[in-house]
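Participant: In our numbering, the protein residues as written are 10 to 197.
Sharing a structure here in structure tokens format.
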Amino acid sequence: MSRILIVDDEESILKALKRVLRLAPCAYGNKNYTLEIVDFNSPLAALEAVQNEEFDLLMSDYRMPGMDGIEFLKAAKAIQPDAARLILSGYADLNALVRAVNEVGIDRFIGKPWNDYDLMSAIGQALAHRDLMLENRQLANLVRLEMGDITPQQVEAERLERIEPGITEVNWGPDGSVVLDPEFQSKD
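Encoded structure:
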């Protein structure tokens, strides 16, 4: 199951997107995707979810109050760099599109109103591209492991770091103990 986060400040757009994503098939090549949709009408609330849950694809409106879609996707990319990213907009702003590609590495820019087939195709392509990138990384790690360039522990540390950024960073106390919260480190 592929988890998709959608953020748009307009409830009617969220309802329409959810309806399409629930009813239309999502496939690319010979791969079919079952979608689980999580939606938000606030980019800040969506960003909080990105910090706590893993998503395969992030889809955002471009123009929203408080934080535009590019800022949202840029912040989300820092937390979940492997998630595919799409941006929706009712405004054909070339500068925004260039900024979205350059700063965020979006997989696709989708205009509003959208064609349901094109939307599902874009989602399928983005998910397939994500799957391919993850598979390539896994295969490259296997080659590096076989060649002795990396240890199994390093492969596992990289995997854990992708799942939970910062998990492999350890704060050591002056006595060699692991400090769970640096603020409470004793000052001897």
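All C-beta atoms in this analysis are idealised placements derived from N, C-alpha and C, irrespective of residue type, glycine included.
Rounded to the nearest angstrom, what separates Asp127 and Arg171 at their Cα positions?
Facilitator: For this step, residue 127 is matched to residue 118 along the sequence shown. For this step, residue 171 is matched to residue 162 along the sequence shown. Computed Cα separation, rounded: 30 Å.
Participant: Where do the N-terminal and C-terminal ends of the alpha helix (DSSP H) with Val59 fall, by residue?
Facilitator: Position 50 of the sequence shown, counted from the first residue, corresponds to residue 59. That run of the alpha helix (DSSP H) goes Pro52 to Asn61.
Participant: Going by C-alpha distance, which of Val107, Leu141 and Leu97 is nearest Glu19?
Facilitator: As a position in the sequence shown, residue 19 is number 10, starting the count at 1. When each option's Cα is compared against that of Glu19, the closest is Leu97.
Participant: Terminal residues of the continuous beta strand (DSSP E) containing Gly120?
Facilitator: As a first step, residue 120 must be located in the sequence shown, where it is residue number 111. Element bounds for Gly120: Arg117 to Gly120.
Participant: Over what stretch of residues does the beta strand (DSSP E) that includes Asn41 continue unbroken?
Facilitator: Counting from one through the sequence shown, the residue named residue 41 turns up at place 32. Lys40 to Tyr42 is the span of the beta strand (DSSP E), which, as asked, contains Asn41.
Participant: Excluding the five sequence neighbours on either side, which residues of its own chain have a C-beta within less than 7 Å of the C-beta of Leu151, listed in chain order?
Facilitator: As a first step, residue 151 is located in the sequence shown; it is residue number 142 there, counting from the start. Cβ within range, chain order: n/a, list empty.
Participant: Could you check where the beta strand (DSSP E) with Ser199 kicks off and where it finishes?
Facilitator: For the chain, the structure presents residues 10 to 197; residue 199 sits outside this window and is missing.
Participant: DSSP three-state label for Glu170, please.
Facilitator: Taking the sequence shown and counting its residues from 1, the one referred to as residue 170 is at position 161. Three-state result, Glu170: helix.
Participant: Nearest CA to the CA of Asp65: which residue from Leu23, Leu95, Lys24 and Phe49?
Facilitator: The count along the sequence shown starts at 1 and reaches residue 65 at position 56. Looking at the Cα atoms, Leu95 is the closest of the given residues.
Participant: With Leu23 and Leu67 assumed to form a contact (beta carbons below 8 Å), what rounded beta-carbon distance in angstroms separates them?
Facilitator: Residue mapping note: residue 23 aligns to position 14 of the sequence shown, counting from 1. Residue mapping note: residue 67 aligns to position 58 of the sequence shown, counting from 1. About 14 Å separates the two Cβ atoms, so there is no contact after all.
Participant: Is the segment 106-117 close to the segment 141-157, with three or more CB pairs under 8 Å?
Facilitator: With a cut-off of 8 Å, the segment 141-157 and the segment 106-117 do not count as touching, because too few Cβ pairs lie within range.
Participant: Looking only at DSSP bridge pairs, what is Val45 linked to?
Facilitator: As a first step, residue 45 is located in the sequence shown; it is residue number 36 there, counting from the start. Note on identity: in this sequence residue 45 is Glu, with Val being the wrong assignment. Answer is Arg12.
Participant: Spatial neighbours of Leu44 within its chain, please: CB distance less than 7 Å, with the 5 preceding and 5 following residues excluded, ordered by chain position.
Facilitator: Looking up residue 44 in the sequence shown gives position 35. Result list for Leu44: Ser11, Ile13, Leu30 and Cys35, in chain order.
Participant: If you run the structure through DSSP and keep just helix, strand and coil, what is Asp184?
Facilitator: Along the sequence shown, one-based indexing puts residue 184 at 175. Coil at Asp184, not helix or strand.
Participant: Going by DSSP in three states, Asp197 sits in which element: helix, strand or coil?
Facilitator: Sequence index remark: in the sequence shown, residue 197 carries index 188 (1-based). Confidence at Asp197 is low in this model, with a pLDDT of 49, below 50, so its placement is unreliable and the value that follows should be read with caution. Coil.
Participant: Grab me the residues of Ile132's own chain with a C-beta within less than 6 Å of its C-beta, minus the 5 sequence neighbours each way, in chain order.
Facilitator: Residue 132 sits at position 123 when you count from the first residue of the sequence shown. Excluding residues within five positions, the ones whose Cβ falls inside 6 Å are Cys35.
Participant: Between the C-alpha atoms of Asp48 and Glu63, what's the straight-line distance to the nearest angstrom?
Facilitator: For the purposes of this step, residue 48 is taken as residue 39 along the sequence shown, with counting starting at 1. For the purposes of this step, residue 63 is taken as residue 54 along the sequence shown, with counting starting at 1. Distance between the alpha carbons of Asp48 and Glu63: 14 Å.
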